[in-house]
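A.B. asks: Once you've had a glance at the structure underneath, I'll fire off some questions.
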Amino acid sequence: MKKSKGKKEVLISIIFLALLLGIIHFSVYPSVIYPWTDEIIYVGMAKYFTGSLGPSISGFYELMRPPLLSFFYSPLYLLGIVREVDINNLEGLNIETFRIPLYTYNYLLNLASIVVIFSLILFLGGYKEKKIKEKRLLLLSAILVLIYFMFNKIYINYGERILPDPLSEGLTLLALLLIAINKPLTKTSKKSYMTMFVSGVLFGLAFLTRFNQLLLFMAFILLLLLEVFILLMQNKKKKATRILLLIIALLLGFTIPFMLYSLFLRSIHASIFEVLEKASEVVRQDSSLFPGSPIYYLKELILTVPGIFLLLIFGIFHKTNIKEKKWAEKRIIIQAISLYVLILLIYLSFFFPLKIYRYLFSILPGIIVLSGIIMYEILKNIKRSVVYKIFFALFSLLLIVNIISSAMIIRWHTVKNEDYIKDIEFIVQSLKSMNISSENYVIFTNKVELGMYLKNTVIYIRWWCQKRALELILNNSKEIEGYAELYPLLDIHSGYKVVPIIDYSIPVLADEEEKRQEIKEFLEKKFGVYAYSGNIYVYNPR
Numbered sequence: 096m097k098k099s100k101g102k103k104e105v106l107i108s109i110i111f112l113a114l115l116l117g118i119i120h121f122s123v124y125p126s127v128i129y130p131w132t133d134e135i136i137y138v139g140m141a142k143y144f145t146g147s148l149g150p151s152i153s154g155f156y157e158l159m160r161p162p163l164l165s166f167f168y169s170p171l172y173l174l175g176i177v178r179e180v181d182i183n184n185l186e187g188l189n190i191e192t193f194r195i196p197l198y199t200y201n202y203l204l205n206l207a208s209i210v211v212i213f214s215l216i217l218f219l220g221g222y223k224e225k226k227i228k229e230k231r232l233l234l235l236s237a238i239l240v241l242i243y244f245m246f247n248k249i250y251i252n253y254g255e256r257i258l259p260d261p262l263s264e265g266l267t268l269l270a271l272l273l274i275a276i277n278k279p280l281t282k283t284s285k286k287s288y289m290t291m292f293v294s295g296v297l298f299g300l301a302f303l304t305r306f307n308q309l310l311l312f313m314a315f316i317l318l319l320l321l322e323v324f325i326l327l328m329q330n331k332k333k334k335a336t337r338i339l340l341l342i343i344a345l346l347l348g349f350t351i352p353f354m355l356y357s358l359f360l361r362s363i364h365a366s367i368f369e370v371l372e373k374a375s376e377v378v379r380q381d382s383s384l385f386p387g388s389p390i391y392y393l394k395e396l397i398l399t400v401p402g403i404f405l406l407l408i409f410g411i412f413h414k415t416n417i418k419e420k421k422w423a424e425k426r427i428i429i430q431a432i433s434l435y436v437l438i439l440l441i442y443l444s445f446f447f448p449l450k451i452y453r454y455l456f457s458i459l460p461g462i463i464v465l466s467g468i469i470m471y472e473i474l475k476n477i478k479r480s481v482v483y484k485i486f487f488a489l490f491s492l493l494l495i496v497n498i499i500s501s502a503m504i505i506r507w508h509t510v511k512n513e514d515y516i517k518d519i520e521f522i523v524q525s526l527k528s529m530n531i532s533s534e535n536y537v538i539f540t541n542k543v544e545l546g547m548y549l550k551n552t553v554i555y556i557r558w559w560c561q562k563r564a565l566e567l568i569l570n571n572s573k574e575i576e577g578y579a580e581l582y583p584l585l586d587i588h589s590g591y592k593v594v595p596i597i598d599y600s601i602p603v604l605a606d607e608e609e610k611r612q613e614i615k616e617f618l619e620k621k622f623g624v625y626a627y628s629g630n631i632y633v634y635n636p637r
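Here the sequence shown is numbered in this note's numbering, starting from 96 and rising by one per residue.
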């Protein structure tokens, strides 16, 4: 009874403190944040699923994107929580109209991810500790590293958007958490196989949320197979066979969401391998490159979370009590996360042509978990050695600096929001002046918030699309060739007039200036410019 009571106290503490941190973060973060690039794609896919389930909502499905985030988001349309705005009724329209429902929904996703990360830190750091003092140290270590997780540039810029990263990381960590709690590798029971099966399903769902999560699943499988090999070398065939059966249960669980996704793709004439191939081709196109140094991601990671990086260095070179534990699950989980982080960092740095800051989000939760374990060991031994005291002091200093820099970033977002509101007001007035009817027009725009909510507004396109691609768009052609940004156009119905609204303030590469000018001249020739404010051009449909 006491043991059960102790577990409940820890779990209640986890949930309470995660909620508290979430509320603090929510209270200081801008109440509305301007929409960003890929969000329109995932919202458009949600509209696609919603239209299939019930209401007639214009949406699109982009093959290279994993579908799960959009599928989870689509019920907000079915329930009427999110509504599309009719461009015939634009009174009082502003950025808050567009953003708040999305922000609230994604905040809940992030809160769930935070609870999972918090829980995993505690379980891996010593959930079995019986002393109250040790439990308090666990909670303190989790709080310290979670503050770093919630108040850094990566999370502030991308963590609370309609992007798949938080949900994907949360599902993966939840799969590992189940294994850490139920200990299937060290306990012989039917529950062990069920644990691995359910974890496999969660791994599969994480993969359908963001494809790179397959790397962590493969790393975990690889380490389990290595464990089987070692046992066979030690002539422990019975135990090796049992772990092999657990691997099969894990793979069977993963297969279920994988097969459901494959059946869905077959309904739209594609296969999972075709999707992965197209995704790979798109990021390798010359027109999609954001060139940078191979050390770009490592450098930005160190600059973004220097305290966490310090903890990882400490963990690599300092022998901790974790290495002496006999809990097989703990050891393999730590190794799997470490291997995943290393492989992903190497892949992004040397084999992935895009150098985009957002992709660091895939690495961040894993290193937060690892650093939480190391922080627990530091706090546990801080009175025994000067080395522990020095590392804790350095971490605390870097944490304070990180919070201050985060406040500056939050302020920048607030200013940016004010600029976006002015842009929205200008666009709204332009549309009103043209007497645009949502029954007859499709708005072609790179202003993301319009694509999220306006009826018949489904297109987001980047500057590096070729002139030929733009011609295909404006002619409502279905002969789209090779650009992920153009896949949404496959769902545009003929018979609509097109209103291009282009924001030329979005930064482009130096060698893309010619393409941008070409698009501009093409639109002016076809439509003529109706109005412009700063870098925003509204073209008049003839």
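Backbone N, C-alpha and C define an ideal beta-carbon position, used for all residues, glycine too.
Since we're looking at a predicted model, the values are computed, not measured.
Could you pull the DSSP bridge partners for residue 107 from this structure?
C.D. replies: Counting from one through the sequence shown, the residue named residue 107 turns up at place 12. Beta-bridge pairing links residue 107 to no other residue.
A.B. asks: Would you tell me roughly how many angstroms separate the C-alpha atoms of residue 494 and residue 397, rounded to the nearest one?
C.D. replies: Here the question's residue 494 lines up with position 399 in the sequence shown. Here the question's residue 397 lines up with position 302 in the sequence shown. For residue 494 and residue 397, the distance between alpha carbons rounds to 13 Å.
A.B. asks: Roughly how many whole angstroms lie between the Cα atoms of residue 389 and residue 331?
C.D. replies: Translated into the one-based positions of the sequence shown, residue 389 becomes position 294. Translated into the one-based positions of the sequence shown, residue 331 becomes position 236. When rounded, the distance between both Cα atoms is 44 Å.
A.B. asks: Would you mind reading off the limits of the alpha helix (DSSP H) that contains residue 596?
C.D. replies: Your numbering for residue 596 matches position 501 in the sequence shown. Here residue 596 belongs to no alpha helix (DSSP H); instead the beta strand (DSSP E) covers 592-598.
A.B. asks: Go to residue 505, then tell me how far its alpha helix (DSSP H) extends in each direction, as first and last residue.
C.D. replies: Taking the sequence shown and counting its residues from 1, the one referred to as residue 505 is at position 410. 481-528 is the span of the alpha helix (DSSP H), which, as asked, contains residue 505.
A.B. asks: Buried or exposed: which applies to residue 503, given that a residue is buried once 16 or more other Cβ atoms fall within 10 Å of its Cβ?
C.D. replies: To locate residue 503, count along the sequence shown from 1; it is residue 408. It counts as exposed.
A.B. asks: Would you list, in sequence order, the uninterrupted alpha helix (DSSP H) runs of no fewer than 4 residues that lie entirely inside the stretch 254-290?
C.D. replies: Listed in chain order, they are 260-277.
A.B. asks: I need the boundaries of the alpha helix (DSSP H) containing residue 315, first residue and last residue.
C.D. replies: Indexing the sequence shown from 1 puts residue 315 at position 220. Run containing residue 315: 308-328, per the alpha helix (DSSP H) assignment.
A.B. asks: Can the beta-carbon of residue 212 be found closer than 7 Å to that of residue 455?
C.D. replies: Here residue 212 is taken as the residue at index 117 of the sequence shown, counted from 1. Here residue 455 is taken as the residue at index 360 of the sequence shown, counted from 1. Taking 7 Å as the Cβ cut-off, residue 212 and residue 455 do not qualify as a contacting pair.
A.B. asks: Could you check whether the Cβ of residue 369 sits closer than 7 Å to any Cβ belonging to chain C?
C.D. replies: Among the chains of the structure shown, chain C does not appear; only one protein chain is present.
A.B. asks: Just to confirm before moving on: does the CB-CB distance between residue 270 and residue 287 stay below 7 Å?
C.D. replies: Sequence index remark: in the sequence shown, residue 270 carries index 175 (1-based). Sequence index remark: in the sequence shown, residue 287 carries index 192 (1-based). Cβ distance not < 7 Å, so residue 270 and residue 287 don't count as in contact.
A.B. asks: Counting pairs of Cβ atoms below 8 Å between the stretch 340-351 and the stretch 465-475, do you hit three or more?
C.D. replies: Not touching, per the Cβ criterion.
A.B. asks: Can you look up residue 469 in the DSSP assignment and give me helix, strand or coil?
C.D. replies: One-based indexing of the sequence shown puts residue 469 at position 374. Of the three classes helix, strand and coil, the one that applies to residue 469 here is helix, per DSSP.
A.B. asks: Residue range of the alpha helix (DSSP H) that residue 365 falls in?
C.D. replies: Here residue 365 refers to the residue found at position 270 when the sequence shown is read from its first residue. Run containing residue 365: none; DSSP gives neither H nor E here.
A.B. asks: If you check the beta carbons only, do residue 536 and residue 592 fall under 7 Å apart?
C.D. replies: Taking the sequence shown and counting its residues from 1, the one referred to as residue 536 is at position 441. Taking the sequence shown and counting its residues from 1, the one referred to as residue 592 is at position 497. Closer than 7 Å, so yes.
A.B. asks: Beta strand (DSSP E) containing residue 540: first to last residue?
C.D. replies: Along the sequence shown, one-based indexing puts residue 540 at 445. Per DSSP, residue 540 belongs to the beta strand (DSSP E) from 536-540.
A.B. asks: Quick one: is residue 514 buried, meaning 16 or more other Cβ sit within 10 Å of its Cβ, or exposed?
C.D. replies: If you number the sequence shown from 1, residue 514 lands on position 419. The residue in question, residue 514, is exposed, as its Cβ has fewer than 16 Cβ neighbours within 10 Å.
A.B. asks: I need the DSSP call for residue 631, collapsed to helix, strand or coil.
C.D. replies: Start at 1 with the first residue of the sequence shown, and residue 631 comes out as number 536. Three-state DSSP puts residue 631 in a strand.
A.B. asks: With DSSP as the reference, identify every bridge partner of residue 624, one or two as the case may be.
C.D. replies: Mapped onto the sequence shown, residue 624 falls at position 529. According to DSSP, residue 624 bridges with 634.
A.B. asks: Quick one: residues in its chain with C-beta nearer than 6 Å to the C-beta of residue 290, no 5 flanking neighbours on either side, listed in chain order?
C.D. replies: In the sequence shown, residue 290 corresponds to position 195, counting from 1. Correct list, in chain order: 273, 277 and 279.
A.B. asks: Could you give the residue range of the alpha helix (DSSP H) that holds residue 408?
C.D. replies: Translated into the one-based positions of the sequence shown, residue 408 becomes position 313. Here the alpha helix (DSSP H) through residue 408 covers 401-412.
A.B. asks: Could you spell out where the alpha helix (DSSP H) holding residue 228 opens and where it closes?
C.D. replies: What you label residue 228 is simply residue 133 of the sequence shown in a count that begins at 1. First-last of the alpha helix (DSSP H) with residue 228: 227-245.
A.B. asks: For residue 425 versus residue 268, is the C-beta spacing smaller than 7 Å?
C.D. replies: Along the sequence shown, one-based indexing puts residue 425 at 330. Along the sequence shown, one-based indexing puts residue 268 at 173. Not closer than 7 Å, so no.
A.B. asks: Spell out a yes or no on whether the stretch 247-266 and the stretch 317-330 are touching, meaning 3 or more CB-CB pairs, one atom from each, closer than 8 Å.
C.D. replies: No, because fewer than three Cβ pairs between the stretch 247-266 and the stretch 317-330 fall closer than 8 Å, the two stretches do not touch.
A.B. asks: Would DSSP call residue 299 helix, strand or coil?
C.D. replies: For this step, residue 299 is matched to residue 204 along the sequence shown. Three-state DSSP puts residue 299 in a helix.
A.B. asks: Please list the terminal residues of the continuous alpha helix (DSSP H) segment that includes residue 452.
C.D. replies: Mapped onto the sequence shown, residue 452 falls at position 357. That residue, residue 452, is in no alpha helix (DSSP H); it is neither H nor E in DSSP.
A.B. asks: Taking only three categories from DSSP, how would you classify residue 348?
C.D. replies: Reading the sequence shown from its first residue, position 253 is the one you call residue 348. Helix.
A.B. asks: Return the residue from the list 207, 216, 209 and 247 that minimises the CA-CA distance to residue 402.
C.D. replies: Here the question's residue 402 lines up with position 307 in the sequence shown. Closest option to residue 402, Cα to Cα, is 247.
A.B. asks: List the endpoints of the continuous alpha helix (DSSP H) containing residue 166.
C.D. replies: For the purposes of this step, residue 166 is taken as the residue at position 71 of the sequence shown. Start and end: 163-168.
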